[in-house]
Each structure stands twice: as structure tokens, then as C-alpha cells.
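Chemist:
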Amino acid sequence: MAKWWVPSGPGMLRNSAARLMQEAIDTEPAGHELSFNREDVMCTPASAEGASDDESVSINTVTLAAAGDGDGGNAAKANQSCIVVCHGYALGLAAFARGLAAFVTKNPTRSVSAIDWPGMGGSAELPSSFVRRVRELERAAARDSTQGDRVVDAIEDYYTDCLEAWRLKRGGRRMILCGHSLGGYLATAYAHRFPQNVDKLILLSPVGIDGSKGRLQPAAPLTASTADSEPASPTHDAITATGPDSGPSLPGPDEQRPPERPPSLIAQVAQGIMRSAWRFDVTPMAMMRSLGPLGPSLLAGILGHRTAAVYRQKAVRDYIYHVNAGRSGGDFIITRLLHPTFAAKRPLEKCIAELPMKVCFAFGSEDWVDATPARRLQQQHPQRIQVSVVKDCGHQIALENPTGFASYLESVV
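Note that UniProt numbering numbers the sequence shown so that position 343 is 343, with each residue one more than the last.
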């Protein structure tokens, strides 16, 4: 896409992210000194099969800490794990700014690092050698369908190797790893490859657990039973389910569900067009980029129809636009890891069941992601897997309810 056609650029993205982070600091009570420290961490992933030597990438990193403290001070002496937060598709690390500021204010001995994935947000574009390697694997898979998993392998290996290289560059400490949506998928893949480096896995409305290819549709609003879990305080906005008999009132894996009505002819045609476009990396964000100067107005119109008040803030709309206008790496990997319905091409449910660490799921009370696979895992592994609901938000938990996200994070770390 020609640079002149898209009204965005790296400087505009950095400025919009910095504005959100500064606003997050300014909203915290007086007397709490917080600082966001940004750096570009150059990471060289371990050589994968067929990889070239020039697949290094710069990862945009922001660390939030209380002034003079954080994991670099007392927390490190206490040998605490570092908390690392990873964004999902179509957003970036600044979406967590308000929630992380609220968390660190209440937990001044902790710091949190957030990253932009390679090819997304403020991180560098995906190396062209990596993109070529994936496309070569796709051509091989087109000739031999048994080779299809190698595409998923290449992407998962590259992203998890990049995260491991980032961890080593940052001191090599064990992590409490938190991933949202597509970031939850990649965080799970990392925890499966490097379980020795993860103390706890926190998955915020993750995609890719289930492999069902059902049509994409909003999930019914989640409700929570408070009979077995009381809020931590009158203003606590997270309801935590600690066992299979508490938490979200969702159908169990063996419960009978009413049959779904078949999609209309128009819906079937629309889904067919979407599947065809998906194969060519044409996603909603790619279409927005193609509209050039009309993109910001289109995005503002779409966000204006969402119920959460945060989307009416110009700073938030500007950030979401610049995150998606500048980098296309998210489109490149999501179309290869997921179907257009956001079901995984290689589901993570079995992978999560094999993880040795505690896994904490959280969904928004108005989330469109189906929590049933997470509840199924919880019923199978009640001592190790927890499912929670954060009230008053949808899929974008940290952005739509930052105080609820901060309370939830505090309850599980």
C-alpha cells in the first residue's frame, strides 16, 4: 500500500500510543508516581527448519512501574516472576495502558511489560525472508495436503522463538504470561514449547481453543453465579470462578444445545466471499487500509456503534487506526492460523490440557468468544484451570473495563 495513500506512519502511531499511556498515568490518584519506559528490543529467533539468518526483528516493548520500584527493585529481590502482556489482533500494547496503570498503582512492587508482536503495532515489519518461507510452505501444502500443518508450525515457531529471544534479552526470568485473543493463542503456543519459562498462563478471551468451523456469530451474554464467589470489594468488577460449580452460567460439554438454524442464502453467500477473501489475506483491517484517507472515518463510524464509551474517545480511535494502518503482520498470520470464523486450523484445546502450569481464562460479560471450550477444560482439570467473567465489557476486556481488568489481574497473579 502506497505510503501517501494511508494517512498514518510510525511517528503518528508512537504519538497516539504515548498519548494513551500518559492519559493512563494522569488518571491515577495523586501521590502515585508511575512511569512508562519504552524500548525496541532486537530479537533473533532460534533457527527453525528452513529459516535464514536475517529473520531478526525489533519488538516494541513498554514497561510500567511505580517510580523507583517495580520488578527492577524489590520485586526482583523477592524473585517474583515478571508479568508480560501480549495484545491480540487489530490492537496493540497501549490498549492495556489504563488497566496496567491501575494494577501497578495497587501493586507498587510489581511492574508489567507489554509487547507488540512482530509485524504488528510499533514493532518492526515481519522479515521478508520469513514471509517468503511461509509462502513456499503454502505452495508445498497446495500440492500435498499432508503438508498443511507445516505452515502453522512455521508461524507458531517463529513467534514463540521471537518471544523466547525477547525473554532472554530481558534477563531470562520466568514469566506470568498474559495474552488477549490472538495473543492468547500465541502465548499458549509459547507455554507449550517452553513450559519451564512460564509460571502461570492468563488467557483473556482467547481465540483458537476450539476447531469448530461454525459460522461467526455473537455469543449469548455471559452471566455469573455469585453463590460461590463473592466480589473482593463493593467495586470489584471481576467475578472469579474457582471450580466447575461456580462462575459463568454456560452449558456444560454434555448438555443438550438447541439446534442452530441454518444460515440464510445471503449469509451463505457472504460467508463464501469471506472465505475466499481470507485466502488472499483480505481481512476487515486490510480493507480499511485499502480505503486510504477514508479509513479513519470508516473506523470511527464502526467504533461509534459499539456500546462501550471508550470507543467514543478520539485518542482511542486514533490509536486503533494507526495500529492497523501501518502494519499488516496481523493479517498475514491470522489468516494462516485461523478460519474466517476465528476457529483454529489447529485447535489448542488438547495443548492447553497438557500444560503443567495453572491456566486462568477470563471472558467479558458481553464477549462474542464462546467460553464453552474453556469451561470444558475447567471441568476436566478443576485444580489447574480457572474460568472467570469480567463484568461490563465485551471482547476487549482491558480497553472497555480497565479497572475490572486490573482487579482480575491482581486476583490471579
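Glycine is no exception: its CB is placed at the ideal position from the N, C-alpha and C atoms. Note that the coordinates shown come from a computational prediction; the quantities given were computed from them, not determined experimentally.
1. Report, in whole angstroms, the separation of the C-beta atoms of R173 and C82, which I expect to be a contact under 8 Å.
2. For the alpha helix (DSSP H) containing D199, list its first residue and its last residue.
3. For the 8 Å Cβ check, are there 3 or more pairs between the stretch 360-368 and the stretch 272-284?
4. Pairs of beta-carbons, one from the stretch 345-361 and one from the stretch 372-386, closer than 8 Å: are there three or more?
5. Tell whether a beta-carbon distance below 8 Å holds between L348 and Y321.
6. Using the rule of at least 16 other Cβ atoms within 10 Å of the residue's Cβ for burial, across every protein chain shown, is G301 buried or exposed?
7. Hey, would you say A371 sits closer than 8 Å to G211, going by beta carbons?
8. Which word fits S111, buried or exposed, when buried means at least 16 other C-beta atoms lie within 10 angstroms of its C-beta?
9. Could you tell me the boundaries of the beta strand (DSSP E) in which A362 lies?
10. Could you name the residues of the same chain whose beta carbon sits closer than 7 Å to that of C43, not counting the 5 residues immediately before and after it, in chain order?
11. Alpha carbon to alpha carbon, how far is R10 from M120?
12. Mapping DSSP to helix, strand and coil, what is C178?
13. Is there contact between the stretch 305-313 and the stretch 279-288, where contact requires at least three CB pairs shorter than 8 Å?
14. When you compare the stretch 113-132 with the stretch 317-332, are there three or more beta-carbon pairs, one atom per stretch, that lie closer than 8 Å?
15. Taking 8 Å as the cut-off, does the stretch 174-182 touch the stretch 84-97 (at least 3 CB pairs, one atom from each stretch)?
16. Any heavy atom of the ligand NAP closer than 7 Å to the Cβ of M274?
17. On a Cα-Cα basis, can you pick out the residue from V310, V316 and V387 that is closest to N401?
18. Compute the distance between the beta-carbons of T109 and E28, then report whether it is under 8 Å.
19. When the Cα atoms are used, what is the spatial distance from A18 to L337?
20. Closer than 6 Å by C-beta to D116: which residues in its own chain qualify, once you throw out the five before and the five after it? Chain order, please.
21. In angstroms with no decimal places, state the Cα-to-Cα distance between C393 and D144.
22. So M155 and V134 are in contact, right, with Cβ under 8 Å, and what is the actual spacing, rounded?
23. Let me know the secondary structure DSSP gives R38 once reduced to three states.
24. To the nearest angstrom, how far is it from the Cα of L137 to the Cα of P127?
25. In angstroms with no decimal places, state the Cα-to-Cα distance between M12 and H32.
26. In three-state terms, what does DSSP make of G394?
27. Look at the alpha carbon of K391 and the alpha carbon of M288, and state the distance between them as a whole number of angstroms.
28. Given this structure, state the Cα-to-Cα distance separating A141 from R346, to the nearest angstrom.
29. Taking only the alpha-carbon atoms, compute the straight-line gap between A66 and R279 and give it to the nearest angstrom.
30. Taking the straight line between their C-alpha atoms, what separation do you get for R312 and A398?
31. Return the Cβ separation of L203 and V359 in integer angstroms, given the expectation that the two are a contact with Cβ distance under 8 Å.
32. What does a CB cutoff of less than 6 Å around A406 pick up in its chain, not counting 5 residues either side in sequence?
33. Within the UniProt domain "AB hydrolase-1" (83-206), note down every full alpha helix (DSSP H) run reaching 4 residues or more, in order along the chain.
34. Quick one, are the C-beta atoms of A191 and M357 less than 8 Å apart?
35. When we look at the beta-carbon of A46 and count the other beta-carbons within 10 Å, is it buried (16 or more) or exposed?
36. Check the DSSP bridge columns for L64 and list the partner residues they point to.
Modeler: To lay it out plainly:
1. A Cβ-Cβ distance of about 5 Å is found for the pair R173 and C82, placing them in contact under the 8 Å criterion.
2. Unbroken run through D199 is the beta strand (DSSP E), V198 to L204; no alpha helix (DSSP H).
3. Taking 8 Å as the limit for Cβ pairs, the verdict is that the stretch 272-284 does not touch the stretch 360-368.
4. By the Cβ criterion, the stretch 345-361 is in contact with the stretch 372-386, since at least three pairs of Cβ atoms, one from each stretch, lie closer than 8 Å.
5. No, Cβ-Cβ distance for L348 and Y321 is not below 8 Å.
6. Exposed, by the Cβ-count rule.
7. Their beta carbons are not under 8 Å apart, which means A371 does not touch G211 by this criterion.
8. Burial state of S111 is buried, judged by a 10 Å Cβ sphere holding 16 or more other Cβ atoms.
9. First-last of the beta strand (DSSP E) with A362: K358 to G364.
10. Excluding sequence positions up to five before and after C43, its CB lies within less than 7 Å of the CB of S56, V57, I59, C162, A165, W166 and K169, all in the same chain and listed in chain order.
11. Correcting the residue type first, residue 10 is Pro in the shown sequence and not Arg. In a straight line, the C-alpha of P10 is about 11 Å away from that of M120.
12. DSSP places C178 in strand when its eight states are reduced to three.
13. No: the two stretches stay apart, fewer than three of their Cβ pairs being nearer than 8 Å.
14. Yes, the stretch 113-132 is in contact with the stretch 317-332.
15. Yes: at least three Cβ pairs fall under 8 Å.
16. The ligand NAP is not part of this structure, which contains no ligands at all.
17. Comparing C-alpha distances from N401 to each of V310, V316 and V387 shows the shortest one belongs to V310.
18. Taking 8 Å as the Cβ cut-off, T109 and E28 do not qualify as a contacting pair.
19. One C-alpha to the other measures close to 31 Å.
20. The answer, listed in chain order, is N60, G92, L93, G122 and S123.
21. C393 and D144: Cα-Cα distance of roughly 44 Å.
22. First, the residue type needs correcting, since residue 155 is Ile and not Met in the sequence shown. I155 to V134, Cβ: 7 Å. Contact.
23. Three-state result, R38: strand.
24. Going from the Cα of L137 to the Cα of P127 covers about 16 Å.
25. Whole-angstrom Cα-Cα distance: 29 Å.
26. Coil at G394, not helix or strand.
27. Taking the straight line joining both Cα atoms gives about 30 Å.
28. About 15 Å.
29. Answer to the nearest angstrom: the Cα atoms are 45 Å apart.
30. Cα to Cα, R312 sits roughly 16 Å from A398.
31. Going by Cβ atoms, the distance from L203 to V359 rounds to 7 Å, so yes, they are a contact pair.
32. Here A406 has G99, A102 and F103 as same chain residues with Cβ atoms under 6 Å from its own Cβ, once five neighbours each way along the sequence are excluded.
33. Whole alpha helix (DSSP H) segments, 4+ residues: 97-106, 128-143, 148-169 and 182-193.
34. Yes; because the gap between Cβ atoms is below 8 Å, this pair is in contact.
35. So A46 counts as exposed.
36. In the DSSP output, where bridge partners are listed per residue, L64 has F36 and V112.
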